[in-house]
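These notes concern the structure reproduced below.
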Ligand code: DGL
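Residue numbers (the working numbering): 4 to 481.
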C-alpha cells in the first residue's frame with residue numbers, strides 16, 4: 004500500500020536585501036534553483052556603497068530595509084550583502100522570528116571544500132574585511148587555513164556604474180595575491196560576481212572563484228525543506244517584486260539584463276529612516292499564542308515582531324499585587340519592559356457586578372480561591388446573588404491595557420462591555436464568566452455569542468482599539 008505523504012506548503016515570498024545591485028547575483032541563483040519561490044528584493048542604491056560606512060550605520064540601514072520588506076509577510080530573509088551580513092546578522096537573528104541567512108558562512112564553507120592547498124583569498128568591502136567575519140568563519144571550521152584578505156571598494160563602484168569597468172584597476176587590486184599561492188578566491192561581496200569574467204581572466208584558471216550567492220541559495224533550499232517552508236510546485240509565473248531606493252529605470256536596466264528577464268518591474272521606494280532595531284520587538288505579556296496572532300496582524304504591518312512570554316521562558320511570573328486593573332496591568336508590562344528593554348503590552352480584566360460594589364473585579368479569576376476554576380467562580384457568584392432581581396443584576400466586563408516602553412511613559416487604555424448576570428449559566432463558548440454574562444441586545448450570554456462575534460464586541464477588543472488610537476495619535480510607533 005502506498006503511504007500518503009502530507010506535504011505542507013508555504014507560498015509567502017522570500018525577502019532579499021542588498022546595498023545595491025549586488026544582491027541580484029544571489030536572486031539570480033534563487034530564480035534558477037527555486038523556481039516555485041516568490042522573490043521580494045530591495046536594494047539600497049541611494050545609499051550604496053555600504054562598504055566604507057561604520058558598522059553601526061550599516062546595521063541601521065539593514066534594519067530599515069528589513070523593516071520595509073516585512074510588510075510583505077516574508078517567510079525567510081536572505082541578507083544578500085556581505086557587508087550587511089558582517090554588521091547585522093546576529094542582531095537580525097535575534098530580532099526576527101523567521102529564518103535569516105547571510106552570505107558569509109555558505110561562502111566560507113564552499114571555499115574550504117574547494118581549496119586543495121588551504122590557501123584562500125577573500126576580496127570584499129572594507130566593512131566586511133575589517134569585521135574579520137570571513138577569517139573567523141573559515142578558521143572556526145579549519146584552523147590550519149592561510150587567509151589573504153583584500154578590500155576592493157573600487158569594484159563596487161564599477162558594478163554600480165559609478166566608474167567604468169577598468170581591467171588595469173582590477174588587476175592592480177588583485178595583485179595582492181601574486182605571491183600568496185591561493186587556489187581559491189572568495190568573491191566576498193555580492194557585487195563581484197558581476198565582474199566574474201574579468202576577475203577570472205586575471206586570476207587564471209588555477210584559482211577557483213567562490214560565488215557566495217550560489218552557495219547561499221543551496222542553504223536556502225535546504226532550509227525551506229527543513230522548516231517545511233517550500234512553496235507549492237507550479238509552472239505559473241511568480242509575482243516577484245523588486246524595489247530600489249535609487250533610480251528605478253537604472254535599476255531595471257541592470258536587473259533585467261543580469262536576470263535575463265525583460266518583464267520585471269522595479270519600484271522606487273523611500274524607507275522609513277531612523278527605525279531603531281532595539282525597538283522593533285513588541286512583547287505581549289501572555290502565554291496564549293492565539294492572542295499574539297491578533298497583535299501580529301496589527302503590528303507586523305509596521306515592521307514589528309510580536310513575541311509572547313512563551314519566547315522568554317526564563318521570565319518569572321509577575322505577581323498581581325495591585326488593587327486596580329491598571330496597577331496590575333502596569334506592574335506586569337513595566338517590569339518586563341525594563342527587564343528586556345522592549346515594548347510590552349499587558350492587560351488585566353475582570354467582571355464587576357454593581358450589586359456587589361464592583362466585585363469580584365481584579366479577583367475575578369481567583370474569586371472562589373486557588374487553583375483558578377471557572378465553574379466554581381460562577382457557582383459562587385450565583386449563590387451570592389441568589390434571588391437578587393433581574394434589574395439589580397447589572398454588571399460589566401472591564402479590561403485595562405497597558406503598553407509599556409523602556410524609555411517613555413506607558414500608555415493606558417480601557418474597554419468595557421455592559422450586561423447583567425443571568426440566573427443560570429448558558430452556552431459553551433467563551434470562558435470565565437461568559438456563560439452567566441447576559442447581553443440584552445443580543446438576547447444571549449457571552450458564551451452563546453460565538454467567538455467571532457464576541458471578539459468583535461469584547462471589552463478587550465474595545466480596550467485594544469482605544470490603545471491603537473492613542474498610539475497613532477501620539478505617533479509612538481510610526
Ligand atoms: N553588495 C555588498 C556586499 O556584499 C557591498 C557593496 C557595498 O559596499 O555597498 O558586501
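We put the beta carbon where it would ideally sit given N, CA and C, even for glycine.
The structure presented is a predicted model; accordingly, all values stated were derived computationally and were not measured.
Close Cβ partners of residue i (< 7 angstroms) along its chain, the five nearest in sequence each way excluded
| i | result |
| --- | --- |
| residue 369 | 375 |
| residue 396 | 358, 388, 423 and 424 |
| residue 109 | 215, 218, 219, 221 and 222 |
| residue 349 | 288, 332, 335, 336 and 405 |
| residue 49 | 248 and 249 |
| residue 203 | 212 |
| residue 113 | 213 and 218 |
| residue 373 | none |
Spatial neighbours of residue i in its chain, beta-carbon cut-off 6 angstroms, leaving aside the 5 residues before and after
| i | result |
| --- | --- |
| residue 253 | none |
| residue 366 | none |
| residue 281 | Confidence at residue 281 is low in this model, with a pLDDT of 47, below 50, so its placement is unreliable and no value can be given for it. |
| residue 403 | 328, 329, 332, 351 and 417 |
| residue 53 | 22, 61 and 86 |
| residue 31 | 262 |
| residue 58 | 90 |
| residue 88 | 82, 105, 106 and 107 |
| residue 244 | 43 |
| residue 100 | 308 |
| residue 103 | 80, 95 and 96 |
| residue 238 | none |
Of the listed residues the options, nearest to residue i (C-alpha basis)
| i | options | result |
| --- | --- | --- |
| residue 326 | 16, 351 and 286 | 351 |
| residue 210 | 191, 72, 314 and 185 | 185 |
| residue 181 | 124, 289 and 166 | 124 |
| residue 197 | 212, 183 and 151 | 212 |
| residue 324 | 338, 437 and 223 | 338 |
| residue 286 | 441, 315 and 461 | 315 |
| residue 74 | 371, 307, 96 and 141 | 307 |
| residue 429 | 408, 372, 139 and 442 | 442 |
| residue 411 | 454, 379 and 477 | 477 |
| residue 150 | 343, 174, 131 and 183 | 183 |
| residue 228 | 456, 457, 474 and 37 | 37 |
| residue 194 | 408, 120 and 47 | 47 |
| residue 458 | 479, 471 and 432 | 432 |
| residue 3 | 310, 225, 224 and 174 | Limits of the chain in this structure are 4 at one end and 481 at the other, which puts residue 3 out of reach. |
| residue 134 | 201, 120 and 92 | 92 |
| residue 171 | 201, 148, 162 and 142 | 201 |
| residue 343 | 380, 394, 408 and 119 | 408 |
| residue 78 | 231, 301 and 322 | 231 |
| residue 20 | 233, 119 and 246 | 246 |
Residues of its chain near residue i, where Cβ-Cβ distance is below 8 angstroms and the 5 sequence neighbours each way are ignored
| i | result |
| --- | --- |
| residue 176 | 126, 153, 155, 157 and 158 |
| residue 1 | The requested residue 1 does not occur in the structure, where the chain is confined to residues 4 to 481. |
| residue 257 | 24, 27 and 164 |
| residue 199 | 190, 212 and 214 |
| residue 3 | This structure does not reach residue 3, given that the chain is present from 4 up to 481, and the question cannot be answered. |
| residue 129 | 54, 55, 154 and 156 |
Integer-rounded CB distance, given that residue j should sit under 8 angstroms from residue i
| i | j | result |
| --- | --- | --- |
| residue 111 | residue 137 | 6 angstroms |
| residue 288 | residue 347 | 6 angstroms |
| residue 360 | residue 435 | With a Cβ gap of about 20 angstroms, residue 360 and residue 435 do not count as contacting. |
| residue 214 | residue 190 | 6 angstroms |
| residue 406 | residue 336 | 7 angstroms |
| residue 115 | residue 144 | 6 angstroms |
| residue 295 | residue 271 | Not really, about 35 angstroms apart at Cβ, beyond 8 angstroms. |
Buried or exposed by the 16-neighbour rule on C-beta atoms within 10 Å, applied to residue i
| i | result |
| --- | --- |
| residue 71 | buried |
| residue 313 | exposed |
| residue 265 | exposed |
| residue 427 | exposed |
| residue 356 | buried |
| residue 178 | exposed |
| residue 299 | buried |
| residue 438 | buried |
| residue 67 | buried |
| residue 56 | buried |
| residue 29 | buried |
| residue 69 | buried |
| residue 463 | buried |
| residue 386 | exposed |
| residue 482 | There is simply no residue 482 to check, as the chain begins at 4 and stops at 481 in what is shown. |
| residue 392 | exposed |
| residue 139 | exposed |
| residue 147 | exposed |
| residue 225 | exposed |
| residue 240 | exposed |
Minimum Cβ-Cβ distance from residue i to chain C less than 8 angstroms
| i | result |
| --- | --- |
| residue 252 | Protein chains in the displayed structure number just one, and chain C is not present. |
Residue i CB to nearest heavy atom of the ligand GTP below 7 angstroms
| i | result |
| --- | --- |
| residue 193 | The ligand GTP is absent from the structure shown, which contains only the ligand DGL. |
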